[in-house]
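One structure below.
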Amino acid sequence: MLITKAPKGTQDILPQEVYKWHYIENIMRDTAKKFNFKEIRVPTFEHTELFLRGVGQTTDIVNKEMYTFEDKGNRSITLKPEGTAGVARAFLENNLNQGALPVKMYYVNSPVFRYERPQKGRFREHHQFGIELFGAQSAYADAEVIMLAKTLLKELGLKSVSLKLNSIGCPKCRPNYNEVLKDYLRDNIDQMCGTCKERFETNPLRILDCKVEGCKTIVKDAPKTVEHLCEECSDHFETLKGVLSELGEEFDIDPLIVRGLDYYTKTVFEFITDTIGAQGTVCGGGRYDNLIEEIGGNSLPAVGFGMGMERLLLTIEAAGTVIPQPQKIDVYFAAADDDAKDMIAIKLAELRKEGLIAEMDIMGRSLKAQMKYANKIDCRFVAIIGSDELQKGTVILRSMENGDQKEMKIEELLEAVK
RNA sequence: GUGAUUGUAGCUUAGUCGGUUAAAGCGCCAGGUUGUGGCCCUGGAGACCGUGGGUUCGAGUCCCAUCUUUCACCCCA
Numbered sequence: 003m004l005i006t007k008a009p010k011g012t013q014d015i016l017p018q019e020v021y022k023w024h025y026i027e028n029i030m031r032d033t034a035k036k037f038n039f040k041e042i043r044v045p046t047f048e049h050t051e052l053f054l055r056g057v058g059q060t061t062d063i064v065n066k067e068m069y070t071f072e073d074k075g076n077r078s079i080t081l082k083p084e085g086t087a088g089v090a091r092a093f094l095e096n097n098l099n100q101g102a103l104p105v106k107m108y109y110v111n112s113p114v115f116r117y118e119r120p121q122k123g124r125f126r127e128h129h130q131f132g133i134e135l136f137g138a139q140s141a142y143a144d145a146e147v148i149m150l151a152k153t154l155l156k157e158l159g160l161k162s163v164s165l166k167l168n169s170i171g172c173p174k175c176r177p178n179y180n181e182v183l184k185d186y187l188r189d190n191i192d193q194m195c196g197t198c199k200e201r202f203e204t205n206p207l208r209i210l211d212c213k214v215e216g217c218k219t220i221v222k223d224a225p226k227t228v229e230h231l232c233e234e235c236s237d238h239f240e241t242l243k244g245v246l247s248e249l250g251e252e253f254d255i256d257p258l259i260v261r262g263l264d265y266y267t268k269t270v271f272e273f274i275t276d277t278i279g280a281q282g283t284v285c286g287g288g289r290y291d292n293l294i295e296e297i298g299g300n301s302l303p304a305v306g307f308g309m310g311m312e313r314l315l316l317t318i319e320a321a322g323t324v325i326p327q328p329q330k331i332d333v334y335f336a337a338a339d340d341d342a343k344d345m346i347a348i349k350l351a352e353l354r355k356e357g358l359i360a361e362m363d364i365m366g367r368s369l370k371a372q373m374k375y376a377n378k379i380d381c382r383f384v385a386i387i388g389s390d391e392l393q394k395g396t397v398i399l400r401s402m403e404n405g406d407q408k409e410m411k412i413e414e415l416l417e418a419v420k
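Just so we're aligned, residue 3 is where the first sequence starts under the working numbering, counting upward by one.
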């Protein structure tokens, strides 16, 4: 019973719907290409240590959501719970930091695994499109990354997705801010939820992200990260906002978005929609200037984002956007008699060689059944050949759209269906 | 991990206070004479009623457990 059931939180993408994926993948590739990002493909699993160090020990992802196991060589292995760490590892391992900077890379359809309770827009395995830009500390790099996401969403015709922007500072100013925040919260600590009490010590910034009503009201008037940035972070943020405004791009400053991964510094952003249920974050990203150093490299700035492809598809569907259907079948060969089959096989191969989509009966069906089948699979033409046609060297070509049919020399078939 | 929700043919569902061979529509397959689709008509295949226990003379119908579905919390894409 269980062997005919996909594991919880996973899903099959069936032949009749895969064209939707191809559609968004193509737009993703085209968009990345215009921005001169090159594709990188990295493993589906990595050493667990990479995520402990990269994503951060205090995060929920690392604490309770990773698919971690020991392989037969006693290595601790983890199915990747996000895309950035693996790409950063590959970047370092292959010495891409020794070449010309910046290095701009993207990935599509990259599987991501997290042990979660599935719900709308949330799965245990989902797929991400993402980009990573290594080596540039300028706010124009942030702008480029954000603009790529914006362009992509525009290409997909999505208007319901809005950009939320924030800056959470850097190792220089974050500690100061944490103190300011803790001072503010200290009086109300008793009224906050259990996890927030813990966060107060481990990662006070995450309290801003708490969804518990009580905590939300306490946090509402809390000091904001953007008001306590050091000069460098502040300048960076101002420049970014300036560029986006100059470009005429809309965004909201949301002081409460802080992101759930520890590697973020300075800029953080999310693209959010309210059209696909409770899980509305379609794209999330930001700057991670410390990650490369954290996993053993030199100090090197970087920015990027991850975009959930399932959520993107849900958003497209919710918007009522019609994704172009795949191409129709050009010709279906129907055999009126079995002795025509060899000739049909030859003509079939010829048409396919010319790039046409062609089929013949391989089920041994009657002519009538072949016609019905051809109708069902949506063909432009049916080419009928039986003993008579075989002798005359002809074929009957029937249009399945209007029912017109005529007999022609078999050599004329290719021209007629092109 | 928490709360709620679902589970009958491939799909969508019906199944009366527990009572004999579990229905229907769609889909699938085959026919409706002489080599041809879409409509219509006829027939056929197809269900261990999620699974395991229990109550009962008897359970798809009641009870328990478990798995599964879906939605929300949490978290995130």
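Note that the Cβ used here is the ideal one computed from N, Cα and C, for glycine as well.
Here the structure is a predicted model, which is why all the values come from computation and not from measurement.
Check	Outcome
Express the C-alpha separation of ASP390 and PRO45 in angstroms, rounding to a whole number.	58 Å
Return the CA-CA distance between LEU81 and PHE53, expressed in angstroms with no decimal places.	10 Å
List the residues that DSSP assigns as beta-bridge partners of GLN130.	SER112, GLY310
Can you check whether the CB of VAL147 is closer than 8 Å to the CB of ILE133?	yes
Check the DSSP bridge columns for PRO360 and list the partner residues they point to.	Before going on, a small fix: residue 360 reads as Ala here, not Pro. In DSSP, ALA360 forms a bridge with VAL333.
Taking SER169 as part of the beta strand (DSSP E), name the residues at either end of that continuous run.	164 to 169
Give me the Cα-Cα distance between CYS212 and CYS198, rounded to the nearest whole angstrom.	7 Å
Taking the DSSP output, what are the residues bridged to PHE271?	LEU167, GLY287
Confirm, please, whether the CB-CB distance from ARG124 to TYR117 is below 8 Å.	no
Where DSSP assigns a beta bridge to GLU157, which residues make up the other side?	Paired residues: none, contrary to the question.
Count the other C-beta atoms from every protein chain shown that fall within 10 angstroms of the C-beta of ASP363, then say buried if there are 16 or more, exposed otherwise.	buried
Quick one, are the C-beta atoms of LEU399 and MET410 less than 8 Å apart?	yes
Nearest-angstrom Cα distance between ASP223 and LEU98?	44 Å
Straight-line CA distance for LEU314 to VAL163?	10 Å
Quick one: Cα of ALA336 to Cα of SER368, how far?	9 Å
Using 8 Å as the threshold, is the segment 261 to 274 in touch with the segment 165 to 179, meaning 3 or more CB pairs across them?	yes
Output needed for TYR186: all residues of its chain with C-beta closer than 7 Å, excluding positions within five of it in sequence on either side, in chain order.	ALA224, PRO225
Counting Cβ pairs, one atom from each stretch, are 3 or more of them under 8 Å apart for the segment 5 to 14 and the segment 278 to 286?	no
Is it right to say GLY104 is buried, meaning 16 or more other beta carbons lie within 10 angstroms of its own, or is it exposed?	It should be pointed out that residue 104 corresponds to Pro in this sequence rather than to Gly. Buried is the call here.
So what does DSSP say about MET410, is it helix, strand or coil?	strand
Going by DSSP, name the residue or residues bridged to PHE383.	VAL333, SER401
So the candidates are LEU154, ILE15, LYS349, ALA87; which of them puts its Cα closest to the Cα of ARG31?	LEU154
Within the continuous beta strand (DSSP E) that includes ILE79, where are the two ends?	78 to 81
Are the CB atoms of PHE37 and LEU150 nearer to each other than 8 Å?	yes
Measure the Cβ-Cβ separation of PRO83 and PHE47 and say whether it is below 8 Å.	no
Can ASP332 and ARG382 be called in contact, C-beta distance under 8 Å?	yes
Which whole-angstrom value is the C-beta distance of LYS184 and PRO206, which I expect to be below 8 Å?	5 Å
What is the DSSP secondary structure of ALA342, reduced to helix, strand or coil?	helix
Quick check on the burial criterion: 16 or more other C-beta atoms within 10 angstroms. Buried or exposed for LEU415?	buried
Pull up the DSSP beta-bridge partners for MET107, would you.	LYS40, GLU134
If we ignore side chains and look at the alpha-carbon of each, how far apart do GLU41 and ALA92 end up?	13 Å
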